[in-house]
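Enquirer: This structure is in structure tokens; I'll ask about it shortly.
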Amino acid sequence: MSSQVLEVKNLKTYFKTGEGLARAVDGVSFKIERSSTFALVGESGCGKSVTALSIIQLLSASGVETHGDIFLNGSEISNLPEAEKRHIRGNRISMIFQEPMTSLNPVFTIGNQITEALTLHQGLNKAEAKNAAISMLSQVKFTDPEAIFNDYPHRLSGGMRQRVMIAMALCCKPDLLIADEPTTALDVTIQKDIMGLMNELKSELGTAVLLITHNLALVYNNADTVGVMYAGRLVELAPARLLFSNPQHPYTIKLMRSIPGAARRGHLLDTIKGAVPAATSYPKGCRFSGRCPREMEGCAATEPALTTKKSTANDYGSKQFVACHLYDLAFMSGAKARPLRAAADGESKALPTKAAAPGSETIVKISNLKTWYPIRKGIFKKIRGYVRAVDGIDLTVRSGQTLALVGESGCGKTSAGKTILQLIKPAGGSVCFRGQEITAMGTRELKQIRAKMQIIFQDPYSSLNPRLMVKDIIEEGIRSLLPGLNKVERQRRVAEVLDLVGLGPKAMSRYPHEFSGGQRQRIGIARALAVRPEFIICDEAVSALDVSVQAQILNLLKIIQDKFGISYLFITHDLGVVEYIADEVAVMYNGKIVERGAVEDIFNRPTHEYTKKLLSAVPALPE
Ligand code: SF4
314 MSSQVLEVKN
324 LKTYFKTGEG
334 LARAVDGVSF
344 KIERSSTFAL
354 VGESGCGKSV
364 TALSIIQLLS
374 ASGVETHGDI
384 FLNGSEISNL
394 PEAEKRHIRG
404 NRISMIFQEP
414 MTSLNPVFTI
424 GNQITEALTL
434 HQGLNKAEAK
444 NAAISMLSQV
454 KFTDPEAIFN
464 DYPHRLSGGM
474 RQRVMIAMAL
484 CCKPDLLIAD
494 EPTTALDVTI
504 QKDIMGLMNE
514 LKSELGTAVL
524 LITHNLALVY
534 NNADTVGVMY
544 AGRLVELAPA
554 RLLFSNPQHP
564 YTIKLMRSIP
574 GAARRGHLLD
584 TIKGAVPAAT
594 SYPKGCRFSG
604 RCPREMEGCA
614 ATEPALTTKK
624 STANDYGSKQ
634 FVACHLYDLA
644 FMSGAKARPL
654 RAAADGESKA
664 LPTKAAAPGS
674 ETIVKISNLK
684 TWYPIRKGIF
694 KKIRGYVRAV
704 DGIDLTVRSG
714 QTLALVGESG
724 CGKTSAGKTI
734 LQLIKPAGGS
744 VCFRGQEITA
754 MGTRELKQIR
764 AKMQIIFQDP
774 YSSLNPRLMV
784 KDIIEEGIRS
794 LLPGLNKVER
804 QRRVAEVLDL
814 VGLGPKAMSR
824 YPHEFSGGQR
834 QRIGIARALA
844 VRPEFIICDE
854 AVSALDVSVQ
864 AQILNLLKII
874 QDKFGISYLF
884 ITHDLGVVEY
894 IADEVAVMYN
904 GKIVERGAVE
914 DIFNRPTHEY
924 TKKLLSAVPA
934 LPE
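For the sequence shown, the numbering used here assigns the number 314 to the initial residue and increments by one for each residue that follows.
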């Protein structure tokens with residue numbers, strides 16, 4: 314049997330929209346071998362997920378045009394009748410999505426959902442399907458697979474639900490598994506388990522994997538071949554090790570340099586200016602022109618083809634393909650090869666000098682803080698016990714410094730953040746802001762303190778009122794917390810903070826839905842800054858963003874801190890971000906702080922077993 318499982322040839326997926334034809338995928342070709350992983354990377358909106366949905370044939374609605382060929386084990390599958398396509402889906406091609414809860418039916422047990430695929434596609438009877446499902450659940454490392462079989466999705470954690478999705482996807486032993494951001498919502502330890510599991514099953518069953526992610530470290534550690542997608546096209550294609558050791562396309566280089574980590578401490582991260590062009594209006598020539606630091610005079614007029622750098626190469630399994638005029642000898646010898654701007658590649662900008670050196674002055678001191686949620690049972694809802702989400706933690710945040718609070722989901726990080734701000738009433742302990750105890754304060758006193766203590770949330774969209782214009786969203790906070798300011802002063806503040814976060818006056822009269830994810834996070838930051846805080850809690854503030862946008866927001870937070878001496882409590886599960894931005898780190902586990910200290914000490918010399926486990930789960934990138 315041929316070792317090639319999937320071949321995609323010149324795939325095009327277009328959507329008819331009010332603004333014209335959106336060319337989401339625009340001529341993409343690649344192959345995936347048996348037992349190997351092909352990763353598609355790139356910013357949001359580059360066409361990665363649409364490529365996946367086109368392969369699994371889930372885009373058949375009116376208004377969608379697909380062209381090109383898709384071969385599965387050598388047979389063309391794109392022109393099959395719908396009944397045959399249905400048979401292929403879930404049987405020979407399976408897909409795992411980012412958010413397992415939206416793909417699992419909440420009203421059916423896990424067992425019902427797995428056995429349905431087995432009886433439908435494999436023709437097993439009820440008893441056989443149950444045995445096969447339990448065996449698959451045990452393969453995905455559930456210690457009590459029978460209990461999981463009878464359980465409902467909402468009773469499982471995110472990592473457990475993702476393992477159920479993998480069991481469902483693999484129960485019919487598919488030839489191709491498509492994993493679309495399979496671990497983005499998960500902690501590093503669970504991410505490591507899930508990827509390990511997928512790799513094990515891939516080797517055992519011979520499955521080919523199409524991995525879609527924006528996590529480049531995950532790609533480096535798990536993929537065999539990588540395709541970098543930009544504006545509907547592949548711009549670089551290479552074996553993973555080669556791509557990471559020697560990236561060629563300016564876009565790939567920029568993406569890699571925007572990853573935060575210890576090596577970038579003290580410097581601004583590299584960012585990519587502008588945004589991915591809309592799929593309805595790609596530039597005529599190179600689609601990266603306008604954003605590219607190495608753009609030449611002729612780049613915007615002529616589109617580069619994806620070609621190998623070495624003229625002898627004919628198989629991308631061992632060679633590197635790039636779509637850029639820099640590698641086109643004929644183009645480079647012509648008059649249009651003159652650079653448009655001085656190349657800034659390799660330049661790593663140092664952070665501006667701090668307005669005030671970070672001191673040892675304590676801004677926030679948390680002692681023995683507890684957040685307990687009551688467990689109510691019976692018809693009278695009597696309290697039968699407590700979930701001790703935060704169980705006696707001590708933290709100190711110093712002026713102008715960043716303390717990172719890390720740990721897995723459910724360890725109590727977010728509860729701790731909300732309790733510090735008194736958004737949740739503590740069950741015990743103390744929170745002192747500049748020496749003032751705030752846990753016993755009344756509403757009026759607390760309001761004054763809240764202006765000094767702000768929060769930025771993970772999901773900027775759900776934290777912004779969609780019915781209000783940006784200027785009203787920001788002004789609302791000022792009016793509530795600083796009632797002494799008049800309208801003119803408030804409006805001046807709104808203009809100031811929007812300018813500070815790089816959005817400018819035009820943003821004032823627009824609504825949240827008109828902005829990208831990164832811009833919305835800037836609005837969230839502007840709203841927090843408008844009341845001139847001294848302390849900000851950033852609760853997974855960059856977790857939902859693309860690596861390029863994440864770099865812009867991290868730079869912005871650093872610049873703001875250095876300019877105004879603001880202290881941050883950075884709640885995150887991304888240890889690369891911690892190494893880049895934090896001065897100190899506290900590791901939280903099961904509601905308690907198990908280790909804390911300077912970032913260098915904790916990362917280089919962890920002492921607690923849990924910290925060691927957490928650090929060892931972080932996928933490494935080449936130096
Ligand atoms: Fe940059 Fe020109 Fe290459 Fe496009 S073709 S990536 S604009 S150098």
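Yeah, the Cβ is synthetic: ideal placement off N, Cα and C, and Gly gets one too.
Closer than 7 Å is what we want: which residues have a beta carbon that near any heavy atom of the ligand SF4? List them in chain order.
Expert: Those satisfying the condition are, in chain order, H562, P563, Y564, C599, F601, S602, C605, R607, E608, M609, C612, P617, C637, H638, L639.
Enquirer: Which residues mark the beginning and the end of the alpha helix (DSSP H) in which Q771 is found?
Expert: Indexing the sequence shown from 1 puts residue 771 at position 458. Neither: Q771 is in no alpha helix (DSSP H) and is coded neither H nor E.
Enquirer: For Y893 and L437, I'd like the C-alpha separation in whole angstroms.
Expert: Here residue 893 refers to the residue found at position 580 when the sequence shown is read from its first residue. Here residue 437 refers to the residue found at position 124 when the sequence shown is read from its first residue. Spanning the two alpha carbons is a distance of roughly 52 Å.
Enquirer: At a cut of 8 Å, does the stretch 541-551 reach the stretch 344-358 through at least three beta carbon pairs?
Expert: With the cut-off at 8 Å, the stretch 541-551 and the stretch 344-358 touch.
Enquirer: Go ahead and pull the three-state DSSP assignment for V420.
Expert: For the purposes of this step, residue 420 is taken as the residue at position 107 of the sequence shown. Coil.
Enquirer: In whole angstroms, give me the CA-to-CA distance for A650 and T621.
Expert: Counted from its first residue, the sequence shown places residue 650 at position 337. Counted from its first residue, the sequence shown places residue 621 at position 308. Going from the Cα of A650 to the Cα of T621 covers about 19 Å.
Enquirer: How close, in whole Å, do the beta carbons of G730 and I884 come, if the pair is a contact with beta carbons under 8 Å?
Expert: Position 417 of the sequence shown, counting from 1, holds the residue named residue 730. Position 571 of the sequence shown, counting from 1, holds the residue named residue 884. About 5 Å; that satisfies the 8 Å criterion.
Enquirer: I'd like the ranges of any alpha helix (DSSP H) spanning at least 4 consecutive residues and lying wholly in the stretch 818-872.
Expert: As far as the stretch 818-872 is concerned, its whole alpha helix (DSSP H) runs of at least 4 residues are 830-842.
Enquirer: With S349 and D537 assumed to form a contact (beta carbons below 8 Å), what rounded beta-carbon distance in angstroms separates them?
Expert: Stepping through the sequence shown from its first residue, residue 349 is reached at position 36. Stepping through the sequence shown from its first residue, residue 537 is reached at position 224. Indeed, because the Cβ distance is near 4 Å, the residues count as touching under 8 Å.
Enquirer: In chain order, what residues of the same chain lie with their CB nearer than 7 Å to the CB of K760, ignoring the 5 residues before and after it?
Expert: Taking the sequence shown and counting its residues from 1, the one referred to as residue 760 is at position 447. The residues are L794.
Enquirer: Please classify L371: is it buried, with 16 or more other beta-carbons within 10 angstroms of its beta-carbon, or exposed?
Expert: Sequence index remark: in the sequence shown, residue 371 carries index 58 (1-based). The residue is exposed, with fewer than 16 neighbouring Cβ atoms inside 10 Å.
Enquirer: Considering only residues of the same chain and omitting the five flanking positions on each side of V453, which have a CB-CB separation below 7 Å?
Expert: Working through the sequence shown from its first residue, we reach residue 453 at position 140. R476, I479, A480, L510.
Enquirer: For G333, I'd like the list of residues in its chain whose CB is within less than 7 Å of its CB, leaving aside the five on either flank, ordered along the chain.
Expert: Counting from one through the sequence shown, the residue named residue 333 turns up at place 20. Excluding positions up to five away in sequence, the list reads T593.
Enquirer: Report yes if the CB atom of A430 is closer than 8 Å to the CB atom of G403, and no otherwise.
Expert: In the sequence shown, the residue the question calls residue 430 occupies position 117. In the sequence shown, the residue the question calls residue 403 occupies position 90. Result yes, Cβ atoms of A430 and G403 sit closer than 8 Å.
Enquirer: With distances taken Cα to Cα, identify the nearest neighbour of D704 among P466, K683, I696, P935.
Expert: Residue numbering aside, residue 704 sits at position 391 when the sequence shown is read from its first letter. The candidate whose alpha carbon is nearest that of D704 is K683.
Enquirer: Leaving out the 5 sequence neighbours to the left and right, which residues in its chain are closer than 7 Å to R918 when beta-carbon positions are compared?
Expert: Locating residue 918 in the sequence shown gives position 605, counting from the first residue. So the list is empty, once near-sequence residues are dropped.
Enquirer: Might you give, ordered along the chain, the residues of its own chain that have their beta carbon closer than 6 Å to the beta carbon of R909, omitting 5 neighbours on each side?
Expert: Locating residue 909 in the sequence shown gives position 596, where the first residue counts as 1. Contacts found: A899.
Enquirer: Starting from I906, trace the alpha helix (DSSP H) in both directions and tell me its first and last residue.
Expert: Walking along the sequence shown from the start, residue 906 turns up at place 593. From DSSP, I906 is part of no alpha helix (DSSP H) but of the beta strand (DSSP E) over 905-911.
Enquirer: If you count every other CB in all the chains shown that lies within 10 Å of the CB of T415, and 16 or more means buried, which is it?
Expert: Taking the sequence shown and counting its residues from 1, the one referred to as residue 415 is at position 102. Per the 10 Å Cβ criterion, exposed.
Enquirer: Excluding the 5 residues flanking H562 on each side, which residues of the same chain have their C-beta closer than 6 Å to its C-beta?
Expert: Here residue 562 corresponds to residue number 249 of the sequence shown, with the count starting at 1. V548, E549, V635, C637, listed in sequence order.
Enquirer: Grab the span of the beta strand (DSSP E) containing M542 for me, first residue to last.
Expert: As a position in the sequence shown, residue 542 is number 229, starting the count at 1. Run containing M542: 538-543, per the beta strand (DSSP E) assignment.
Enquirer: Please work out which residues of its chain come closer than 7 Å, Cβ to Cβ, to A843, disregarding the five sequence neighbours upstream and downstream, and give them in chain order.
Expert: For the purposes of this step, residue 843 is taken as the residue at position 530 of the sequence shown. Within the same chain, A843 has close Cβ partners I787, G790, I791, R806, V807, V810.
Enquirer: How about D852 and T727: are their beta carbons less than 8 Å apart?
Expert: Within the sequence shown, residue 852 is the residue found at index 539, counting from 1. Within the sequence shown, residue 727 is the residue found at index 414, counting from 1. Taking 8 Å as the Cβ cut-off, D852 and T727 qualify as a contacting pair.
Enquirer: Check the C-beta distance from N535 over to N512 and give it rounded, since I have them as a contact under 8 Å.
Expert: Locating residue 535 in the sequence shown gives position 222, where the first residue counts as 1. Locating residue 512 in the sequence shown gives position 199, where the first residue counts as 1. About 6 Å; that satisfies the 8 Å criterion.
Enquirer: Find out if the Cβ-Cβ distance for the pair I679, V719 is shorter than 8 Å.
Expert: Position 366 of the sequence shown, counted from the start, is the residue given in the question as residue 679. Position 406 of the sequence shown, counted from the start, is the residue given in the question as residue 719. No, Cβ-Cβ distance for I679 and V719 is not below 8 Å.
Enquirer: Jot down the residue ranges of each uninterrupted beta strand (DSSP E) in the stretch 695-742, minimum 3 residues, whole runs only, in chain order.
Expert: Within the stretch 695-742, the complete beta strand (DSSP E) runs of at least 3 residues are 695-711, 715-719.
Enquirer: Rank L777, K344, L882 by C-alpha distance to the C-alpha of R827 and give the top, closest one.
Expert: For the purposes of this step, residue 827 is taken as residue 514 along the sequence shown, with counting starting at 1. For the sequence presented, residue 827 should be read as Glu rather than Arg. Of the listed residues, the one whose Cα sits closest to E827 is L777.
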